[in-house]
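One structure below.
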């Protein structure tokens with residue numbers, strides 16, 4: 005029986021602040037699985053790194069119980085089939101699954117989706133995967149943008165944000181994109197946003213709020229970041245503004261378990277009869293096909309730009325996760341093995 | 005021509021903290037109006053005192069520009085007709101209007117609604133007026149309560165809150181009512197709430213959150229108060245909770261212009277896919293009849309309890325307004341002239 009050198013990142017310790025390598029243990033051993041009926045042995049080539057992973061490491065329950073300790077870090081992956089005991093998969097097939105931070109594993113075929121050989125496999129982790137679904141339904145269903153309205157996106161150069169920006173533009177909206185480097189802002193301008201703002205150019209929320217007000221105020225806010233950017237938007241809402249909470253990445257270094265203080269803003273909701281809605285990708289999992297019917301043709305026609313920051317090396321997974329909270333990635337963060 | 009001693013409270017100075025007599029000037033002079041076509045001279049008997057008045061004194065625009073200085077304080081009133089140049093009104097008629105803090109005024113008949121002679125005139129300022137409309141549409145349309153769900157109401161013994169409580173009970177909900185004295189809590193228990201909590205019994209938001217969690221968590225939160233009560237509810241939400249922001253009375257002593265700090269909570273919206281919506285009575289003004297069709301028969305049948313705290317004396321208007329922010333009233337605060 006052939007054996008493989010299986011490497012795994014085991015989640016061993018709950019981070020209190022920034023997550024890093026010290027919260028994981030790298031294991032490596034020979035692996036010679038006996039495939040059960042309908043199982044497939046895969047070798048992972050692309051591993052997803054997403055901000056939600058840090059939420060699942062919070063001490064308190066979030067949308068579920070915390071990620072269990074001493075198990076392989078969960079993650080979406082793209083892999084190739086090495087051995088197959090399942091008629092739907094043959095050796096060499098490219099598959100997407102949720103198989104975590106490990107190089108090899110045996111998995112039941114029902115847990116895998118076969119990828120077409122003619123598409124960029126990174127799309128399965130981005131525009132045609134979970135981030136695309138989050139961006140599409142979060143913006144269109146919770147945000148309800150109308151043509152001509154102003155959509156503000158925080159974390160606009162990220163995996164979800166950069167798609168929200170483009171979906172809003174396709175919908176005829178004016179887009180104000182917030183990101184943390186001038187390079188990101190330049191890219192967002194290339195994508196066609198009317199205003200790309202580097203939030204680091206603003207001393208405080210009032211300063212940013214003044215700028216947002218001078219640009220006409222906010223109809224829809226798609227929030228990936230929270231913190232002072234959100235404080236500023238709350239002061240700049242237009243009547244019946246819709247706020248979509250997709251992430252609060254500025255708060256993930258411990259602020260979820262022990263919330264930071266910020267200015268109270270609920271009176272603004274009253275003044276503007278505004279709404280806030282939290283959205284989570286999994287609530288739309290059963291509508292993946294619907295998203296693909298909208299977005300798939302745009303991707304095939306090259307009308308949607310998707311970017312990945314690809315880090316080479318399985319060993320770099322924990323630090324790539326930590327790097328999300330420093331804004332190191334543009335577009336989707338992926339580790340290639 | 006008959007003349008009258010007209011007294012008026014003129015709003016002269018913007019409060020920075022608690023509003024009081026020093027922000028008003030009491031004027032008194034002889035008044036002998038010449039009625040124009042369709043005008044009516046009224047003598048006011050009941051004057052409404054509402055928390056929203058303090059919002060309109062904020063420095064920054066709210067849902068409109070600030071209440072103008074050096075004008076009569078705006079307010080809903082009940083009055084009787086002294087003279088009439090309008091075929092729809094005769095001397096002695098009881099009328100509701102928005103004629104402000106003054107004892108007498110001439111007003112166009114189109115600005116007045118005639119009240120039936122057989123109803124308690126305080127209802128025009130409460131259950132069958134603006135507070136009733138706010139409670140009904142805020143709860144039913146924004147809160148969308150389903151039978152069996154848990155509705156938490158802050159400021160539950162107030163003009164709006166005590167109606168929300170009763171509408172929620174009629175809707176088959178379990179109600180947790182929050183108020184600030186044991187007398188108020190006893191009254192709320194008489195109204196039938198499952199749990200009446202005196203928020204002053206809780207040291208901090210975590211303590212209150214633990215209690216709310218032990219009672220099963222929150223499906224709908226109707227918020228009149230804000231501050232630490234709201235902080236606690238945000239930690240106790242159930243999946244798809246709906247939060248209705250009707251008021252933030254704990255923040256009205258200056259916290260609207262210069263927001264206080266509180267714990268960030270938007271990650272909870274994500275965890276629970278919860279929504280927040282701000283509601284304002286005026287958005288439902290055109291649907292007053294619809295509210296009356298629902299609530300009017302309950303009032304006529306004695307199925308809704310409405311209470312007023314009636315302060316005797318025109319001179320006490322400013323301090324009655326300030327007293328709202330100390331929780332002095334149970335039910336609707338009214339000054340009788």
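Protein chains in written order, with my numbering: chain W, 5 to 341; chain L, 5 to 341.
From the three backbone atoms N, C-alpha and C, an ideal C-beta is built for every residue, glycine too.
Cβ pair residue i, residue j closer than 8 Å
i: residue 227/W; j: residue 250/W; result: yes
i: residue 388/W; j: residue 175/W; result: Outside the shown range of chain W, which is 5 to 341, sits residue 388/W, and nothing can be said about it.
i: residue 260/W; j: residue 53/W; result: no
i: residue 105/W; j: residue 179/W; result: no
i: residue 283/W; j: residue 142/W; result: yes
i: residue 181/L; j: residue 200/L; result: yes
i: residue 262/W; j: residue 232/W; result: no
i: residue 15/L; j: residue 28/L; result: yes
i: residue 144/L; j: residue 80/L; result: no
i: residue 281/W; j: residue 146/W; result: yes
i: residue 244/W; j: residue 204/W; result: no
i: residue 189/W; j: residue 155/W; result: no
Pairwise C-alpha distance: residue j and residue i
i: residue 89/W; j: residue 82/W; result: 19 Å
i: residue 278/L; j: residue 114/L; result: 42 Å
i: residue 303/L; j: residue 269/L; result: 39 Å
i: residue 202/L; j: residue 221/W; result: 40 Å
i: residue 76/W; j: residue 248/L; result: 41 Å
i: residue 38/W; j: residue 45/W; result: 9 Å
i: residue 194/L; j: residue 165/L; result: 15 Å
i: residue 306/W; j: residue 124/W; result: 12 Å
i: residue 217/L; j: residue 240/L; result: 6 Å
i: residue 72/L; j: residue 287/L; result: 22 Å
i: residue 234/L; j: residue 285/W; result: 27 Å
i: residue 58/W; j: residue 63/L; result: 41 Å
i: residue 309/L; j: residue 163/L; result: 11 Å
i: residue 32/L; j: residue 98/L; result: 24 Å
i: residue 12/L; j: residue 111/L; result: 15 Å
Nearest-angstrom beta carbon gap, residue j and residue i [assumed within contact, 8 Å]
i: residue 131/L; j: residue 169/L; result: So it is not a contact: roughly 12 Å between Cβ atoms.
i: residue 315/W; j: residue 299/W; result: At roughly 25 Å, the Cβ-Cβ gap does not stay under 8 Å, so residue 315/W and residue 299/W are not in contact.
i: residue 167/W; j: residue 136/W; result: 6 Å
i: residue 107/W; j: residue 47/W; result: 7 Å
i: residue 271/W; j: residue 323/L; result: About 24 Å separates the two Cβ atoms, so there is no contact after all.
i: residue 119/L; j: residue 100/L; result: 6 Å
i: residue 289/W; j: residue 126/W; result: Incorrect: roughly 20 Å between the Cβ atoms, too far for contact.
Sequence-distant residues of the same chain with beta carbon closer than 6 Å to residue i, five excluded per side
i: residue 212/W; result: 206, 236
i: residue 331/W; result: 184
i: residue 252/W; result: 230
i: residue 225/L; result: 156, 237, 247
i: residue 321/L; result: 13, 105, 339
Closer than 8 Å to chain L by CB, residue i
i: residue 263/W; result: yes
i: residue 35/W; result: no
i: residue 19/W; result: no
i: residue 230/W; result: yes
i: residue 278/W; result: yes
i: residue 219/W; result: no
i: residue 325/W; result: no
i: residue 270/W; result: yes
i: residue 252/W; result: yes
i: residue 338/W; result: no
Test: residue i CB closer than 8 Å to a CB of chain W
i: residue 275/L; result: yes
i: residue 343/L; result: Residue 343/L cannot be examined here, being either before or after the span of chain L that is shown, 5 to 341.
i: residue 170/L; result: no
i: residue 287/L; result: yes
i: residue 302/L; result: no
i: residue 61/L; result: no
i: residue 226/L; result: no
i: residue 145/L; result: no
i: residue 260/L; result: yes
i: residue 55/L; result: no
i: residue 233/L; result: no
i: residue 255/L; result: yes
Sequence-distant residues of its chain with Cβ nearer than 7 Å to residue i (five each side left out)
i: residue 191/L; result: 161, 334
i: residue 343/L; result: Because chain L is modelled from 5 through 341, residue 343/L falls outside the range shown and cannot be assessed.
i: residue 129/W; result: 50, 52, 80, 82, 336, 338
i: residue 109/L; result: 46, 103
i: residue 341/W; result: 48, 49, 51, 107, 318
i: residue 78/L; result: 71, 102, 104
Contact set for residue i: own chain, Cβ-Cβ below 8 Å, skip 5 residues either direction
i: residue 61/W; result: 15, 18, 19, 23, 27, 70, 71
i: residue 93/L; result: 44, 85, 99, 113, 116, 118
i: residue 210/W; result: 236, 239
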